[in-house]
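At position 209 of the sequence shown (counting the first as 1) the number is 209 in the UniProt record's numbering, and the numbers step up by one without a gap.
Where a beta carbon is used, it is the ideal one built from N, C-alpha and C, also for glycine.
To start, the structure itself, in structure tokens.
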Amino acid sequence: MSQTQGGPKRPPSSFQPPYHALRWDSRSFAVLDQRELPLKKRYLRLADITSACQAIRTLAVRGAPLIGVTAALAVAHAARKGATQQELVRGIKKLAATRPTAVNLFVALDRMKAVVENRDSRDEIVAEALNIWKEEKDYSLAIAKHGQKLIRKGMRVGTYCNTGALAAPGIGTALGVIIKAHLAGKGIHVIVSETRPLLQGSRLTAWELSQWKIPYTLVTESALASVVGELDAIFVGADRIAANGEVANKVGTYGLAIMARHFKVPFYVVAPSSSVDLSLKDGAEIPIERRSADEVRTFGSCRTAPRDASVANPAFDVTPARLISGIITEKGVLSAPYAKSLRR
């Protein structure tokens with residue numbers, strides 16, 4: 001294994017993140033530019049809906065719940081700067097076209113569109129966006145409290161991609177469960193997969209764990225099969241959950257779930273109810289985003305493959321419900337059959 005990281009064993013006393021993915025005040029709106037982490041902590045000011053679309057599309061801001069909140073705040077910010085109803089409706093359409101897989105984006109935009117089309121005041125438009133933000137924060141806290149009950153003292157837990165406060169308001173989803181267990185003094189150790197090609201695990205999750213002083217070990221994807229058997233549980237997020245419990249999440253999640261089943265390691269999906277799409281009967285109906293080939297051909301600014309290399313770069317894969325031990329939402333820990341428990 002690679003070198004273990006982490007600071008003092010005593011956890012922070014506060015349940016609030018020591019960093020913020022979003023900044024909103026009476027005049028401005030900014031996001032922590034996640035493309036710069038962990039090297040730089042820089043906030044990107046979003047002046048209008050066009051800049052918000054660019055930030056979402058280029059992953060300056062990412063994570064299904066956070067994308068939804070960012071889009072809602074972008075609409076609200078445009079409204080308070082004087083955008084007309086027609087301009088706001090066009091802006092909502094542009095935001096909806098940024099990324100296809102995360103359902104939270106569409107849930108948030110549907111709510112904003114309803115307020116805009118109802119010709120509500122600018123203050124009411126802003127209030128709706130702030131309500132969406134608060135709801136997602138509340139969801140993450142409830143999720144963490146439910147999920148941490150599954151973690152016993154001294155457990156070694158795995159996670160994938162990034163699901164902390166950089167991905168969801170509050171303290172996150174899957175990583176929020178882990179953080180809550182740490183704050184409860186359970187003495188856990190986290191195995192973090194680097195998550196190719198954009199390294200959300202090594203760049204973002206490792207950075208978040210360091211901020212919370214949570215001990216962790218970083219591994220490559222190719223090492224996962226060698227370490228999964230040592231884990232007591234795995235917690236991952238979700239960008240969209242179909243009505244039958246099949247889950248779209250960062251590509252590589254499906255393979256990790258297969259390994260977990262082989263080694264009999266509990267595999268939990270953690271997400272707010274805003275990530276559940278009951279209109280889709282199964283995972284085959286979830287649209288899977290295909291991203292740029294250069295994300296695979298390059299590493300940072302360095303080219304690592306021939307310029308003309310043929311590349312397949314799906315951003316997500318779908319994990320069958322049979323591989324999932326439980327789905328943790330703000331409502332509690334849901335068990336199979338998910339076609340029933342997700343509708344409760």
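- Short of 7 Å from the beta carbon of A184, and not among the five residues preceding or following it, lie these beta carbons of its own chain, in chain order: Q148.
- Here T58 carries a coil assignment [DSSP, helix/strand/coil].
- Here the segment 225-238 lies against the segment 246-264, with 3 or more beta-carbon pairs under 8 Å apart.
- Rounded to whole angstroms, the separation of the alpha carbons of V270 and T173 is 6 Å.
- Per DSSP, reduced to three states, the secondary structure at K250 is strand.
- Around the Cβ of A78, a 10 Å sphere holds 16 or more other Cβ atoms; the residue is buried.
- For L95, same chain residues with a beta-carbon under 8 Å away, outside a window of 5 residues either side, are I49, A52, C53, I56, A71, A74, V75, L105 and L109 in chain order.
- Secondary structure note for T159: its beta strand (DSSP E) is the uninterrupted segment R156 to T159.
- At least 8 Å separates the beta-carbon of A127 from that of M112.
- For F316, the closest alpha carbon among the candidates A225, W212 and L198 is that of L198.
- Beyond the five residues adjoining it in sequence on each side, G283 comes within less than 6 Å, by CB distance, of A242, E246 and V318 in the same chain, given in chain order.
- Around the beta carbon of R240, 16 or more other beta carbons sit within 10 angstroms, so the residue counts as buried.
- Three or more beta-carbon pairs drawn from the segment 85-95 and the segment 113-123 are found closer than 8 Å, and the two stretches are therefore classed as touching.
- Minimum Cα-Cα distance from S226 among the listed residues S210, A260 and T195 corresponds to A260.
- A direct Cα-Cα distance of roughly 44 Å separates Q16 from R307.
- For L204, no beta strand (DSSP E) run applies, since DSSP gives it neither H nor E.
- DSSP, read as helix, strand or coil, puts D317 in strand.
- T84 is the residue among K145, N131, T84 and I143 whose C-alpha sits nearest the C-alpha of S121.
- In terms of Cβ geometry, L224 and Y216 do not form a close pair [threshold 8 Å].
- Proximity to D123 across I258, L342 and S26 peaks at S26, based on C-alpha coordinates.
- Burial check for R290: the Cβ neighbour count within 10 Å stays below 16, so the residue is exposed.
- Residue pairing of L22 in beta bridges, as defined by DSSP: V31.
- In this structure, the alpha-carbon of R62 lies about 31 Å from that of K153.
- Going by beta carbons, E135 and G170 fall outside the 8 Å limit.
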